[in-house]
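S.K.: Residue numbers (UniProt numbering): 1 to 209. Yeah, the Cβ is synthetic: ideal placement off N, Cα and C, and Gly gets one too.
1) Tell me the DSSP secondary structure of residue 145 in three-state form.
2) If residue 38 and residue 54 are in contact, beta carbons under 8 Å, what's the gap, nearest whole angstrom?
3) Excluding the five sequence neighbours on either side, which residues of its own chain have a C-beta within less than 6 Å of the C-beta of residue 143, listed in chain order?
4) In whole angstroms, give me the CA-to-CA distance for residue 121 and residue 127.
5) What's the C-alpha gap between residue 101 and residue 149?
6) Taking the alpha carbon of residue 26 as the reference point, which residue from 171, 113 and 133 has its own alpha carbon closest?
7) Indicate the three-state DSSP secondary structure (helix, strand or coil) for residue 120 in the structure shown.
8) Just the C-alpha distance for residue 78 and residue 64, rounded to the nearest angstrom, thanks.
9) Closer than 6 Å by C-beta to residue 23: which residues in its own chain qualify, once you throw out the five before and the five after it? Chain order, please.
10) Tell me the residue span of the alpha helix (DSSP H) that contains residue 168.
11) Mapping the DSSP letters down to three states, classify residue 3 as helix, strand or coil.
12) Contact check, residue 145 vs residue 185 under 8 Å by CB: the rounded distance?
13) For a test of the three-state rule: what should DSSP assign to residue 53, helix, strand or coil?
14) By the DSSP assignment, the beta strand (DSSP E) with residue 40 in it spans what residues?
15) Mind reading off the beta-carbon distance from residue 2 to residue 19? Whole number of angstroms is fine, and I expect it under 8 Å.
16) Give the single residue among 107, 62, 66 and 91 whose Cα lies nearest to the Cα of residue 74.
17) Please work out which residues of its chain come closer than 6 Å, Cβ to Cβ, to residue 123, disregarding the five sequence neighbours upstream and downstream, and give them in chain order.
18) So, are the CB atoms of residue 125 and residue 68 less than 7 Å apart?
19) Would DSSP call residue 140 helix, strand or coil?
20) At what residues does the alpha helix (DSSP H) containing residue 81 begin and finish?
21) Does DSSP classify residue 36 as helix, strand or coil?
Right, dumping it as structure tokens:
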């Protein structure tokens, strides 16, 4: 199962074990229903996570007061959406060999700017499962100073279907190692450093579509 990562990316035994732990974390939510007619709220009044259908629904985006969109898939958005919102489009396939990590600085800065402006942003890919989840996890790790395991555990509570492919998980693991090296992730500080905001309100409770 992991031979490709070992042969092509020199994945270590420790990295493979980490991927297995993340996969187990995901499997615990597998039996839970996770159909979302609306994007998932990851951080209240700021970060939404969804799919191409959400990003193409002009009425929904306006009702949610979303101003910015990160489109991380190989499908461009409609011209009406492109003209109405600040869109960052990164044309990317959902494939293990794709280098998604090279885009983390750009997407993290985009999200950071949205947060500083107190404006809402939607991160999406085609299905809202792999590519967009990877981008959201990179942000949580960078600016909320969380390990990948903790960030993923949090994200799964908000979006059950979040499931980066194994190649993306390996890149996130190595990104965590970089953030640890620069002390941007310090497990000793825990939630005191920059806690992830826990959101109880569901978007379905706010909308009548």
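M.R.: On the basis of the supplied data:
1) coil
2) 7 Å
3) none
4) 17 Å
5) 17 Å
6) 133
7) strand
8) 18 Å
9) none
10) 166-181
11) helix
12) 5 Å
13) helix
14) 40-43
15) 7 Å
16) 91
17) 49, 70, 132, 135 and 136
18) no
19) helix
20) 79-84
21) coil
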